[in-house]
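Let me begin by presenting the structure, written as C-alpha cells, before commenting on it.
There are 2 protein chains.
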Amino acid sequence: MADTVTEAATTTPARAKTRIQRENETRILRAALEVFSEKGFHGATLDRIAGAADMSKPNLLYYFKNKEEIHIALLTDLLDIWLAPLREISGDGRPADEIGSYIRRKLDSSRAFPRESRLFANEILAGAPHIGDFLQTELKQLVDEKAAILQGWIDAGQLAPCDPRHLLFAIWSTTQHYADFSVQVRHVLGLTPGDVSYYDEAARMLDTLFLGRLVAPGTEG
Amino acid sequence: MADTVTEAATTTPARAKTRIQRENETRILRAALEVFSEKGFHGATLDRIAGAADMSKPNLLYYFKNKEEIHIALLTDLLDIWLAPLREISGDGRPADEIGSYIRRKLDSSRAFPRESRLFANEILAGAPHIGDFLQTELKQLVDEKAAILQGWIDAGQLAPCDPRHLLFAIWSTTQHYADFSVQVRHVLGLTPGDVSYYDEAARMLDTLFLGRLVAPGTEG
DNA sequence: TATCATTTTTACCGTTTGGTCAAATCTTCT
DNA sequence: AGAAGATTTGACCAAACGGTAAAAATGATA
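Going line by line, the protein sequences match chains A and B. Letter by letter, the first sequence follows residues 4 to 224 in the numbering used here. Letter by letter, the second sequence follows residues 4 to 224 in the numbering used here.
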C-alpha cells in the first residue's frame with residue numbers, strides 16, 4: 004500500500020481553511036465513516052459516500068483527492084480515540100482500580116464510537132495495510148510501557164502471574180466485541196436492530212471476569 | 004440480501020459428481036477462502052480467486068454460478084467449524100473442566116482455522132447479510148441451551164453470578180481475537196509475519212482469566 | 001476407436017467504479 | 001457593484017468487474 008497514516012499526516016500543504024471547507028470536510032468524513040464502517044473499504048463506493056454526505060461525487064473529490072485519502076483521514080482520527088483509554092493507565096493507582104477503569108473506558112469507547120471500532124476492525128482484518136507502521140511503532144511502544152506497569156504489579160504479588168500484553172489483548176477483544184460483533188450479540192440476545200441495552204450487563208460481566216473470580220473455589224478442574 | 008446459507012443448502016439439484024468436479028470445487032473453495040478472508044467479499048475479485056485456484060474465470064464460473072454462491076458455500080462449511088466447540092459443552096462435567104476445555108477448543112480452532120475465523124468476522128462486521136438467520140435461530144437456540152447449563156452452575160454456587168451469554172461472548176471474543184487480529188497481536192509482540200507462537204501464552208492467559216483469579220485478594224478496588 | 005458428455009478456453013458484453021475536466025455558479029472582499 | 005477566488009455541477013472516460021456464449025479440447029465409455 005502506497006500511503007500510511009503517518010506519511011499522510013506530514014503531506015498536508017497547510018493552507019487556511021474556509022468555513023465551507025471545514026463544514027464539507029466534516030460532512031464528508033462523517034458520511035464516509037458511516038459507509039466505510041459498515042461496508043468495508045472495497046464495499047464502500049464514492050457515489051454512496053457522496054450520497055450520504057448529500058453531495059455530488061466530483062464535489063466530494065474537490066475536498067479529498069481520492070477514496071484512499073478519505074479512508075486515511077478517518078483512520079488518523081481513529082487512532083487517537085483508540086489509544087486514549089490506554090494512555091490513562093497509571094502505575095500509581097491500585098491494580099483493580101486501574102484495570103477496572105481502563106475496561107470501563109474501553110467499553111464506553113465501544114458504545115460511543117461503534118463505527119470507529121468497526122472501521123478499525125476492518126483495517127486490522129484486512130492486514131492493517133495503512134496502520135501497520137503505527138501498530139509496530141507507536142502502539143507497540145505504548146503497550147511496552149503499560150505492560151511494564153502491569154508487570155510491576157505482578158512482581159509485587161498484586162496481580163496473578165501472566166503475560167501483561169495478553170491481558171491487554173483480552174481487554175481489547177472483550178470490549179471491542181460489543182461494537183464489532185454487535186449484530187451477533189443482538190441476534191443471540193434476541194434484541195432489535197438498534198438496541199444497545201446490553202452494555203450494562205457487559206460491564207458487570209467484565210468486572211466479574213477481570214476483577215473478581217469466575218469459578219468458585221473448590222470447583223476448579 | 005437475496006440468498007442465505009440455509010436457503011442455498013436446499014437448492015442443490017443433487018447430481019452425481021465427477022472426479023474433476025470434486026477436485027476443482029475444493030480447489031476453488033480453498034482459493035476463495037484465502038482471498039475472501041483477507042480481502043473481504045467486495046475486495047475479493049473473481050479473477051483473483053480464479054488465479055489463486057490456477058484456473059480461468061469462466062472455468063471457475065462453470066462450477067459456481069456466481070461470486071455469491073462461492074461465498075455462501077464457504078460460510079456454510081464455516082458454521083459447522085464455528086459451532087463444534089460449543090456443542091461439546093456438557094452439564095455433566097465440572098464448571099472449570101467444561102469451561103476450560105471449551106476455551107481450549109475455541110483457541111485450537113482459531114489456530115487451526117484462522118482464515119475461516121476471519122471470514123466469519125468479515126461477515127459479522129458487514130452486518131451478517133448471509134448468516135443473520137442462522138444467528139437468530141440455530142445459534143441462538145444452542146446458546147440458550149448452553150446458557151441454561153451455565154446458569155445451573157451459577158445457581159449451584161459453582162460459578163460467579165453473571166449473565167451466561169455474556170460469559171460466552173467473552174470466550175468467543177478472546178479466543179477469536181488471536182485469529183482475527185493476528186496482525187495486531189504480532190506487531191505488538193514484535194513477531195514476524197508468519198509467527199503464531201503466541202498461542203501457548205494465550206492459552207495460559209485465558210486459563211488465568213477464566214479459571215483463576217486475576218487480581219490478588221486484598222488489592223481489589 | 002468412435003461417441004457422447006464434460007471440461008476448458010477465447011472472445012466478448014454491460015455495468016459499476018474511481019476519477020477527470022471545463023464550464024457554471026456561488027462567496028467573499030474591495 | 002464587480003473582480004477574484006472558491007465551490008459546485010454535468011458530461012465524460014478508462015479500467016475493472018461480474019458474468020455470458022459458443023466453440024474447442026479433453027475425458028469417459030462402449
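All residues carry an ideal CB built from backbone N, CA and C; glycine is no exception. These numbers come from a predicted model, not from an experiment.
An exposed status is given to residue 195 (chain A), since fewer than 16 other beta-carbon atoms sit within 10 Å of its beta-carbon. By a beta-carbon distance limit of 8 Å, residue 78 (chain B) contacts residue 126 (chain B). Their separation comes to about 6 Å. Contact between the region 182-195 of chain B and the region 148-160 of chain B is absent: fewer than 3 CB-CB pairs across the two stretches fall below 8 Å. The distance from the Cβ of residue 60 (chain B) to that of residue 50 (chain B) is about 6 Å, consistent with a contact at the 8 Å cut-off. In the DSSP secondary-structure assignment, residue 216 (chain B) is bridged to A:216. Taking the Cβ atoms as the reference, residue 119 (chain B) lies roughly 14 Å from residue 108 (chain B), outside the contact range of under 8 Å. No Cβ-Cβ contact shorter than 9 Å links residue 40 (chain A) with residue 88 (chain A). Pairing residue 212 (chain B) with residue 57 (chain B), the inter-Cα distance amounts to about 45 Å. Shown in chain order are the members of the region 137-148 of chain B whose Cβ falls below 8 Å from a Cβ of chain A: 138, 139, 142, 143, 146. By the criterion of at least three beta-carbon pairs nearer than 8 Å, the region 94-105 of chain B is in contact with the region 198-218 of chain B. Taking 9 Å as the cut-off, the Cβ atoms of residue 163 (chain B) and residue 162 (chain A) do not count as close. Among the residues of the region 184-212 of chain B, those with a Cβ less than 8 Å away from any Cβ of chain A are 184, 186, 187, 188, 190, 191, 192, 193, 201, 204, 205, 207, 208, 209, 211, 212, in the order of the chain.
From the listed residues A:138, A:122, A:114, the smallest Cα separation to residue 201 (chain A) is found for A:114.
DSSP places residue 79 (chain A) inside the alpha helix (DSSP H), whose first and last residues are 70-90. By the C-beta density criterion, residue 167 (chain B) is buried, having at least 16 other C-beta atoms within 10 angstroms.
Legend: CB atoms of the region 164-184 of chain A lying less than 9 Å from CB atoms of chain B belong to residues 164, 165, 166, 168, 169, 170, 171, 172, 173, 175, 176, 177, 178, 179, 180, 181, 183, 184. In this chain, the alpha helix (DSSP H) harbouring residue 128 (chain A) covers 117-128. With its beta carbon less than 9 Å from one in chain A, residue 161 (chain B) belongs to the interface. For the 9 Å CB-CB criterion, residue 128 (chain A) and residue 121 (chain B) form a contact. Contact check for residue 143 (chain A) against residue 193 (chain B) passes: the beta carbons are separated by less than 9 Å. Ranked by Cα distance from residue 209 (chain B), the first of B:48, B:66, B:199, B:174 is B:174.
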